[in-house]
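Notes follow once the structure below has been shown.
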Amino acid sequence: MSPKKPTQISRSDAERAIYIDFEGTAVDAPSFLGAAWADGEDHYFIQFVIERALWPAAEAKAGMPDRIIEPATWETLTQLRTLAETENRLLIAYTEHEREELQQHVDGEAGDWFGSNVVNALPIAKAWKRRAFPEVVFERDPKRPMRGKHQLDRYFKLIGYDVPKAFGPDNSAQRIRATREMLTRKNGDYAALTPTVKAKWTKALQHNWYDCDGLRELMLRCAT
Numbered sequence: 035m036s037p038k039k040p041t042q043i044s045r046s047d048a049e050r051a052i053y054i055d056f057e058g059t060a061v062d063a064p065s066f067l068g069a070a071w072a073d074g075e076d077h078y079f080i081q082f083v084i085e086r087a088l089w090p091a092a093e094a095k096a097g098m099p100d101r102i103i104e105p106a107t108w109e110t111l112t113q114l115r116t117l118a119e120t121e122n123r124l125l126i127a128y129t130e131h132e133r134e135e136l137q138q139h140v141d142g143e144a145g146d147w148f149g150s151n152v153v154n155a156l157p158i159a160k161a162w163k164r165r166a167f168p169e170v171v172f173e174r175d176p177k178r179p180m181r182g183k184h185q186l187d188r189y190f191k192l193i194g195y196d197v198p199k200a201f202g203p204d205n206s207a208q209r210i211r212a213t214r215e216m217l218t219r220k221n222g223d224y225a226a227l228t229p230t231v232k233a234k235w236t237k238a239l240q241h242n243w244y245d246c247d248g249l250r251e252l253m254l255r256c257a258t
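Dropping the structure here:
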């Protein structure tokens, strides 16, 4: 079965969907996955830290009041399938990246399920932009030549979704790498990390929250 590529989304589906986003470095498997969804007025956010070297950093942040952060494995992520199926929720990511990584790394039939059921939000966003902002043309950014024209932060600007500069794009990989490398040198002792590296880890986590929450706001704006 081919992955779902709708160009429209209903208000009900947008409100109930689970929004996911991976963070990591370009050359390695993803380090962690954020997942955000709402049930009426109640909002939920979980960050599954898959990279084993970062588990001490996940445990150190376990007490954050606005989210659940936990060490995880790829099989842990099948919880999202269960939630999607039992509560009839879409599972939405901004591009094909999340679908492809889940299909590749989650074993067996569960991986195939993710490959067929993670919805790519980008066609929905593009169709909405053509309707709502036909005069806006995205050009390739010469400062980010390897990235496409339709980056998520550009859509955030269209809908007025404010992301503080410290949590904007293009910094997560180096922040994750710095955390990983220092944890390795310190034998997994998070308390031994410098304040600068601890701050980088916190910022990487918060960037992920903005991506998940902002994607939800974008889909709510796109809803028909």
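With this note's numbering, the residue at position 44 of the sequence shown is 78, and numbering never jumps.
A virtual CB, placed ideally from N, CA and C, is assigned to each residue, including glycine.
I'd like the span of the beta strand (DSSP E) that includes residue i, first residue to last.
i    : result
D62  : It is not in any beta strand (DSSP E) - D62 carries neither H nor E in the DSSP assignment.
D76  : D76 to V83
P105 : I102 to P105
Which same chain residues, not among the five before or five after residue i, have their C-beta less than 6 Å away from its C-beta?
i    : result
Q240 : F201
L254 : A48
P139 : Looking at the sequence provided, one finds His at residue 139 rather than Pro. Result list for H139: W108, in chain order.
G145 : Q137
For the alpha helix (DSSP H) containing residue i, name the first residue and the last one.
i    : result
D146 : G142 to N151
A127 : Taken as a continuous stretch (DSSP letters only), A127 belongs to no alpha helix (DSSP H), being part of the beta strand (DSSP E) at L125 to A127.
F190 : L186 to I193
K199 : Note, K199: premise wrong, no alpha helix (DSSP H); not H, not E.
W89  : W89 to A94
I43  : Here I43 belongs to no alpha helix (DSSP H), and DSSP marks it neither H nor E.
M98  : Note, M98: premise wrong, no alpha helix (DSSP H); not H, not E.
A226 : Premise fails: A226 is in no alpha helix (DSSP H) and is neither H nor E.
W162 : L156 to A166
Contact check, residue i vs residue j under 8 Å by CB: the rounded distance?
i    : j    : result
F66  : F79  : F66 to F79, Cβ: 12 Å. No contact.
K160 : L192 : At roughly 12 Å, the Cβ-Cβ gap does not stay under 8 Å, so K160 and L192 are not in contact.
W71  : R115 : With 8 Å as the limit, W71 and R115 do not qualify as a contact, their Cβ atoms being about 13 Å apart.
F190 : G248 : 5 Å
V197 : D204 : Incorrect: roughly 12 Å between the Cβ atoms, too far for contact.
D73  : C246 : 15 Å between Cβ atoms; not a contact.
Using C-beta distances below 7 Å, list every residue in its chain close to residue i, excluding the 5 sequence neighbours before and after it, in chain order.
i    : result
L156 : Y128, T129 and H184
A106 : F82, V83 and I84
A60  : A207
K234 : R209, A212 and T213
Y244 : V197 and F201
V231 : A212, T213 and M216
M35  : In this prediction, M35 scores a pLDDT of 46, lower than 50, which makes its location untrustworthy; no coordinate-derived value is stated.
R45  : A257
With a threshold of 7 Å, establish whether the CB of residue i neighbours any heavy atom of the ligand ZN.
i    : result
P203 : Questions concerning the ligand ZN fall outside what the structure shown contains, since it holds no ligand whatsoever.
Closest to residue i by CA distance: which of the options is it?
i    : options                  : result
T218 : F172, A91, K177 and L249 : A91
N151 : D141, E169 and E132      : E132
R165 : E143, D62, E135 and C256 : C256
R101 : L252, T236 and T258      : T236
P99  : R250, H77 and K220       : H77
E135 : R174, N122, P176 and E57 : E57
I103 : N122, S46, A69 and T112  : A69
E143 : R178, P229, T112 and Q42 : T112
R123 : K199, V231 and I43       : I43
G238 : R181, K199 and V170      : Sequence inspection shows Ala at residue 238; the Gly mentioned does not correspond to that position. That would be K199, whose Cα lies nearest to the Cα of A238.
D141 : E75, R250, G182 and T110 : T110
E251 : G194, P229 and V170      : G194
Beta-carbon within less than 8 Å of residue i's beta-carbon, same chain only, minus the 5 sequence neighbours each way: which residues are those?
i    : result
P40  : V153, P157 and I158
R214 : S65, E85, A87 and L88
F167 : L192
ask   = Would you call the stretch 218-231 and the stretch 88-96 touching, i.e. three or more CB-CB distances under 8 Å?
value = With the cut-off at 8 Å, the stretch 218-231 and the stretch 88-96 touch.
request  = Evaluate the contact criterion for the stretch 112-126 versus the stretch 50-62: three or more CB pairs, one atom per stretch, below 8 Å.
outcome  = Yes: the two stretches touch, three or more of their Cβ pairs being nearer than 8 Å.
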